[in-house]
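A.B. asks: Take any residue in the sequence shown, note its place counting from 1, add 694, and you have its number in this note's numbering. For each residue, glycine too, the CB sits at the ideal point set by N, CA and C. Okay, here's the structure, questions in a sec.
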Amino acid sequence: MISITGQNPTIIEIAKYLKARGIYTIAISSSINTELGQVCDQIFKISDDKLILSMEVLPIIISVQYVIDILFSILLTHKYDQNIETSLNVIKNPFA
């Protein structure tokens with residue numbers, strides 16, 4: 695879940711939905727003292743939400759993208775052979 699303020703009602707509902715089904719949830723937010731921070735299993739704290747409309751938010755956005763890329767890479771390599779096979783099947787049969 696990504697929410698700078700940690701107060702996005704849609705994101706909170708999704709987090710609750712996943713949590714109720716036993717899915718481990720991770721949030722990227724500016725505060726752990728929000729409902730999102732309380733619902734998720736893990737939270738990566740980013741800088742203050744008051745910077746959202748300033749140029750100072752760019753490093754935050756780049757950092758969040760980097761963390762997402764790392765997490766994606768970990769998940770991709772976890773079942774690498776299976777993921778490659780699935781990708782090749784999608785390429786060969788895009789509308790199957």
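(1) Compare the Cα-Cα distances from Ile740 to each of Gln759, Leu769 and Lys713 and report the closest residue.
(2) Would you call the region 750-765 in contact with the region 777-787, where contact means no fewer than 3 C-beta pairs closer than 8 Å?
(3) Over the uninterrupted alpha helix (DSSP H) stretch that includes Lys713, give me the two end residues.
(4) Could you please give the first and the last residue of the uninterrupted beta strand (DSSP E) stretch that includes Ser723?
(5) Closest to Ile708 by C-alpha separation, out of Ser725, Thr728, Ile698 and Val733, would be which residue?
(6) Taking the C-alpha atoms as reference points, what is the distance between Glu750 and Gly700?
(7) Going by the DSSP bridge assignment, what does Phe738 pair with across the sheet?
(8) In this structure, how does DSSP classify Ile698 when only helix, strand and coil are distinguished?
(9) So, with DSSP's three-state summary, where would you put Asn783?
C.D. replies: With the structure as the only source:
(1) Gln759
(2) no
(3) Pro703 to Ala714
(4) Ile720 to Ser723
(5) Val733
(6) Those two C-alpha atoms are separated by around 19 Å.
(7) Ile722
(8) coil
(9) helix
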